[in-house]
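Asker:
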Amino acid sequence: MNIRPLGDRVVIKRLEAEEKTKSGIVLTGTAKERPQEATVVAVGPGGYVEGKDIKMEVKVGDKVLFSKYAGTEVKIDSEEYTILKQDDILAIVE
Amino acid sequence: MNIRPLGDRVVIKRLEAEEKTKSGIVLTGTAKERPQEATVVAVGPGGYVEGKDIKMEVKVGDKVLFSKYAGTEVKIDSEEYTILKQDDILAIVE
Amino acid sequence: MNIRPLGDRVVIKRLEAEEKTKSGIVLTGTAKERPQEATVVAVGPGGYVEGKDIKMEVKVGDKVLFSKYAGTEVKIDSEEYTILKQDDILAIVE
Amino acid sequence: MNIRPLGDRVVIKRLEAEEKTKSGIVLTGTAKERPQEATVVAVGPGGYVEGKDIKMEVKVGDKVLFSKYAGTEVKIDSEEYTILKQDDILAIVE
Amino acid sequence: MNIRPLGDRVVIKRLEAEEKTKSGIVLTGTAKERPQEATVVAVGPGGYVEGKDIKMEVKVGDKVLFSKYAGTEVKIDSEEYTILKQDDILAIVE
Amino acid sequence: MNIRPLGDRVVIKRLEAEEKTKSGIVLTGTAKERPQEATVVAVGPGGYVEGKDIKMEVKVGDKVLFSKYAGTEVKIDSEEYTILKQDDILAIVE
Amino acid sequence: MNIRPLGDRVVIKRLEAEEKTKSGIVLTGTAKERPQEATVVAVGPGGYVEGKDIKMEVKVGDKVLFSKYAGTEVKIDSEEYTILKQDDILAIVE
């Protein structure tokens, strides 16, 4: 089964707390808009989206930081994913 | 009887809970803006809509994920449909 | 007597409940923004409206669905009409 | 004495209740944003206004419908007028 | 001493109540956004202001109507003035 | 030590009450958004800022009027300054 | 480990209170939106971001002033950083 995000949307899979410790990233506890680390699972085509020309800068497999409350959570084959706009991704972690 | 959505609007038919299980998609219970799976029933022509040039990326028959509270619900010939803007569709499910 | 809507505005006449049943459209009862079926009575010229180039897609006689609370209601020669922007029309019903 | 509205503004004189009955227009009583019938008294030059190119579509003498709470009321030589933007005029009545 | 307003701003001097009666303009008492008569004292250069190309349509000495709560009041050499954007001026009175 | 404001930002130093009296400017007491007199200390380069082409119209040494609550206050070498966008400057005083 | 901010985002490391005193900058205590001094750690590529062409004006190593509540805080390898849009940076301190 497959998800193709539309426009400038991206599907990401949030990393578990264990993985976060391994990669050395610990997110601040003062929540409300605290970022989250995730892996990019699918990337929309970008292009002319709602009157703006969007070039996709992330690709499948990238580790990214994003704002926790951005986007919409979905469950596919019992796995949880988040669909959000690329602009809600803050940075790529390498 | 027929519905032709205007501009960048799309008419979708929400999948029933049973179908969702079959397709392997289970949506998260933490509602407020939880996505919904649906089938595209009719697609507007797109083009120059409210000052933006919109290219329609979905087509009739596509299975899509959308935000539950987006759009307007209508009943046609006792069937319930939702009319929403294409930008409220998150992804195509294949 | 005659009404010429300005810009991208459209004058519509709401269908009565009886007509709705005949055409097979029954609108959902969960109101707030429930759509309404109507007939187009007059159509503005469109063109360059408030900085956007608007092409009118509806024409006199079209049956349309619109959001109930969109537009402004007027009474002309004891008949009630609604004047709204074309973008508040969801779809043409055929 | 003379008023020259700036940009896309229009000066209108509201019709009295008596005139309304004569012309056959009766406005709905559910107010808040109920339209009003008026005569156009002065029209701004239009042109490039706040970043938008506005073409004036009404002219002095036109009977128009407008939203009651749009614009600003002024009294000139003991007569009450309303100054509003052309976009707040809904339609020309003929 | 001299004030040069920036961009599309205009400096105006509000007319006193006595002058208003002389000129025949009496403003409505239902305040909140009731217009005011004033004389233009200084005019900004206009041009490309915040992404919009603004042509100044008022000139020093013009009598204008403006919305009471628009702009900022300043006192210069014990005289009170108002600095506002040209778009908050409703009309020129002749 | 030196501050280089970014984009269309300007660093200003507010004039003390004494200087205001000397220059003849007395600001109205009805505060909330009462203007302030200040001297320009540093000017950003302007140019293409957030999608708008901004030409800087103030220069170091200019006396300006600005809205009191605009911008952000900073202390540098025990002196207080305000950093604000040029559009929050109302006028140049000469 | 490495962070590559997307678009017009910038990663900064806030200076400690001690460093602030050394550099001579003392920030005002009336908080809510008081600026903060920081060092730029990583800079996004800029370019066409959300419909606007953004040129990055800061570079790694710059000392900058920014609004305290702008951006999102992250912890990487036990160090705290802030990711914000370049437009939330007020000035470069030299």
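Chains as they are written, first to last, in our numbering: chain A, 1 to 94; chain B, 95 to 188; chain C, 189 to 282; chain D, 283 to 376; chain E, 377 to 470; chain F, 471 to 564; chain G, 565 to 658.
Note that the Cβ used here is the ideal one computed from N, Cα and C, for glycine as well.
Reducing DSSP to helix, strand and coil, say where E/D463 ends up.
Answerer: In the fifth sequence, residue 463 of chain E corresponds to position 87, counting from 1. Of the three classes helix, strand and coil, the one that applies to E/D463 here is helix, per DSSP.
Asker: Could you check whether the segment 337–351 of chain D touches the segment 421–432 of chain E, counting it as contact only if at least three pairs of C-beta atoms, one from each stretch, sit closer than 8 Å?
Answerer: In short, these stretches do not touch, since the Cβ pair count stays below three.
Asker: Using a Cβ-Cβ cutoff of less than 7 Å, which residues in the same chain neighbour F/E503 once the five nearest sequence positions on both sides are dropped?
Answerer: In the sixth sequence, counting from the first residue as 1, residue 503 of chain F sits at position 33. At F/E503 the pLDDT is 45, less than 50, meaning the model places this residue with poor confidence; the figure from the coordinates comes in the next sentence. Excluding sequence neighbours, F/E503 sits near S537, K538, Y539.
Asker: What span of residues does the beta strand (DSSP E) with D/V288 cover, start to end?
Answerer: As a position in the fourth sequence, residue 288 of chain D is number 6, starting the count at 1. Here the sequence assigns Leu to residue 288 of chain D, which means Val is not the residue at that position. Here D/L288 belongs to no beta strand (DSSP E), and DSSP marks it neither H nor E.
Asker: Check whether the Cβ of F/R648 lies closer than 7 Å to any Cβ atom in chain G.
Answerer: Absent from the model: residue 648 of chain F. The displayed extent of chain F is 471 to 564, so no value can be given.
Asker: Distance check for B/E167 and B/A156, CA to CA, integer angstroms please.
Answerer: For the purposes of this step, residue 156 of chain B is identified with residue 62 of the second sequence, where counting begins at 1. For the purposes of this step, residue 167 of chain B is identified with residue 73 of the second sequence, where counting begins at 1. Rather than Ala, the amino acid found at residue 156 of chain B in this sequence is Asp. The alpha-carbon atoms of B/D156 and B/E167 are separated by roughly 19 Å.
Asker: So that I know if they touch, is there some Cβ in chain C lying closer than 7 Å to that of B/L100?
Answerer: On the second sequence, position 6 is the one that residue 100 of chain B refers to. For B/L100, the answer is yes, since a Cβ of chain C falls inside 7 Å of its Cβ.
Asker: Based on the DSSP output, what are the partners of E/Y457 in its beta bridges?
Answerer: Taking the first residue of the fifth sequence as 1, we reach residue 457 of chain E at position 81. Answer by DSSP bridge pairing, in chain order: E/V450.
Asker: In chain A, which residues lie less than 7 Å from G/Y612 when you measure between Cβ atoms?
Answerer: As a position in the seventh sequence, residue 612 of chain G is number 48, starting the count at 1. By Cβ distance, chain A contributes D53, K55.
Asker: Just to make sure I have the definition right: I need the residues of chain A whose C-beta is within less than 9 Å of the C-beta of G/I653. Which are they?
Answerer: For the purposes of this step, residue 653 of chain G is identified with residue 89 of the seventh sequence, where counting begins at 1. By Cβ distance, chain A contributes nothing, its closest Cβ being about 15 Å from G/I653, past 9 Å.
Asker: Grouping DSSP H, G and I as helix and E and B as strand, with all else coil, what is B/D147?
Answerer: Here the question's residue 147 of chain B lines up with position 53 in the second sequence. B/D147 falls in the strand class under three-state DSSP.
Asker: By a C-beta neighbour count over all protein chains shown, 10 Å radius and 16 as the cutoff for buried, is D/E339 buried or exposed?
Answerer: Sequence index remark: in the fourth sequence, residue 339 of chain D carries index 57 (1-based). The residue is buried, with at least 16 neighbouring Cβ atoms inside 10 Å.
Asker: Considering only C-alpha positions, which residue in the set E/L391, E/G423, E/R380 is nearest to E/E455?
Answerer: Residue mapping note: residue 455 of chain E aligns to position 79 of the fifth sequence, counting from 1. Nearest C-alpha to E/E455: E/L391.
Asker: Helix or strand or just coil, what does DSSP make of B/V187?
Answerer: On the second sequence, position 93 is the one that residue 187 of chain B refers to. In the structure shown, B/V187 sits in a strand (DSSP, three-state: E or B).
Asker: By a C-beta neighbour count over all protein chains shown, 10 Å radius and 16 as the cutoff for buried, is A/I85 buried or exposed?
Answerer: Residue mapping note: residue 85 of chain A aligns to position 85 of the first sequence, counting from 1. The displayed chain sequence assigns Lys, not Ile, to residue 85 of chain A. Answer is buried; the Cβ neighbour count reaches 16.
Asker: Would you kindly check if the distance between the Cβ of B/I177 and the Cβ of A/L6 is under 7 Å?
Answerer: Within the first sequence, residue 6 of chain A is the residue found at index 6, counting from 1. Within the second sequence, residue 177 of chain B is the residue found at index 83, counting from 1. Cβ distance not < 7 Å, so A/L6 and B/I177 don't count as in contact.
Asker: Taking Cβ positions, are B/E131 and A/N2 nearer each other than 7 Å?
Answerer: Locating residue 131 of chain B in the second sequence gives position 37, counting from the first residue. Locating residue 2 of chain A in the first sequence gives position 2, counting from the first residue. The answer is no: Cβ separation not under 7 Å.
Asker: A/D87 and A/G46 look like a contact to me (Cβ under 8 Å); what is the Cβ gap, rounded to whole Å?
Answerer: As a first step, residue 87 of chain A is located in the first sequence; it is residue number 87 there, counting from the start. As a first step, residue 46 of chain A is located in the first sequence; it is residue number 46 there, counting from the start. Incorrect: roughly 11 Å between the Cβ atoms, too far for contact.
Asker: Give me the Cα-Cα distance between F/Y551 and E/G447, rounded to the nearest whole angstrom.
Answerer: By one-based count along the sixth sequence, residue 551 of chain F stands at place 81. By one-based count along the fifth sequence, residue 447 of chain E stands at place 71. When rounded, the distance between both Cα atoms is 24 Å.
Asker: With 7 Å set as the bound, which would you pick, yes or no: does the beta-carbon of D/I365 sit closer than that to a beta-carbon of chain E?
Answerer: As a position in the fourth sequence, residue 365 of chain D is number 83, starting the count at 1. Taking Cβ atoms only, chain E reaches closer than 7 Å to D/I365, which makes this a yes.
Asker: What number of angstroms, rounded off, separates the C-alpha of A/I92 from the C-alpha of B/A136?
Answerer: Start at 1 with the first residue of the first sequence, and residue 92 of chain A comes out as number 92. Start at 1 with the first residue of the second sequence, and residue 136 of chain B comes out as number 42. Their backbone Cα atoms lie some 38 Å apart in a straight line.
Asker: Is the Cβ of D/I285 closer than 7 Å to any Cβ of chain E?
Answerer: Position 3 of the fourth sequence holds residue 285 of chain D. Taking Cβ atoms only, chain E reaches closer than 7 Å to D/I285, which makes this a yes.
Asker: Say whether chain G places a C-beta atom closer than 7 Å to the C-beta of A/V60.
Answerer: Your numbering for residue 60 of chain A matches position 60 in the first sequence. No, because no Cβ of chain G sits closer than 7 Å to the Cβ of A/V60.
Asker: Does B/Y163 come out as helix, strand or coil in the three-state DSSP assignment?
Answerer: What you label residue 163 of chain B is simply residue 69 of the second sequence in a count that begins at 1. The answer is coil: DSSP assigns B/Y163 none of H, G, I, E or B.
Asker: Between G/K623 and the rest of its own chain, which residues show a CB-CB distance below 8 Å, the 5 nearest in sequence each way excluded?
Answerer: Mapped onto the seventh sequence, residue 623 of chain G falls at position 59. Result list for G/K623: V604, V607, in chain order.
Asker: Taking only the alpha-carbon atoms, compute the straight-line gap between E/R380 and A/I12 and give it to the nearest angstrom.
Answerer: Translated into the one-based positions of the fifth sequence, residue 380 of chain E becomes position 4. Translated into the one-based positions of the first sequence, residue 12 of chain A becomes position 12. Roughly 54 Å between the two C-alpha positions.
Asker: Between F/I546 and chain E, is the shortest Cβ-Cβ distance under 7 Å, so that the two count as touching?
Answerer: For the purposes of this step, residue 546 of chain F is taken as the residue at position 76 of the sixth sequence. Closer than 7 Å: no.
Asker: For a contact defined as C-beta to C-beta under 9 Å, what are the partners of B/V187 on chain A?
Answerer: The residue given as residue 187 of chain B occupies position 93 in the second sequence. Result: M1, N2, I3, R4, I76.
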